[in-house]
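Residue numbers (the working numbering): 1 to 90. Report on one structure; see the data block that follows.
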Amino acid sequence: MTQDYGNKIRAIRMAEGITQTAMAKECGIALSRLRNIESGGDGVGLKTIERIVSTARLEKYTLWMMIGKTTEAAGQISPALSHSGPEKTE
């Protein structure tokens, strides 16, 4: 489960076309923590998830991050539906 969140966070970051440094700064997370999460080295606590999905640019991924579903009509998407497209999420 930890790696699932790490993979999801990485997919979101890649879909948005931002660096780890930029995402960490935008979300108020230490860069080293973000790196560890993405690599599966650290577990992801609820506080970290809240910080990520509370960020204006990333809140559209909340539903997908939590339960793996999307509702485009409500503005809830997955990285594959991002403006950058699915090729950026692999």
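Idealized CB from N, CA, C, for every residue including glycine. Owing to the predicted nature of the structure, the values given are computational and were not obtained by experimental measurement.
Counting C-beta atoms within 10 angstroms of its own C-beta, Gly6 has 16 or more neighbours from the protein chains shown and is therefore classed as buried. Beta-bridge partners of Gln76 (DSSP): Thr71.
If you ignore the 5 residues before and after Ser39, its C-beta comes within less than 8 Å of the C-beta of Gly6, all in its own chain and listed in chain order. Look at the segment 25-59 and you find these whole runs of alpha helix (DSSP H), each 4 residues long or longer: 31-39 and 46-53.
Residue environment analysis places Arg57 among the exposed positions, since fewer than 16 neighbouring C-beta atoms fall within 10 angstroms of its C-beta.
In the three-state scheme derived from DSSP, where H, G and I count as helix and E and B as strand, Thr19 is classed as coil. At a Cβ-Cβ threshold of 9 Å, Pro79 and Ala24 do not count as neighbours.
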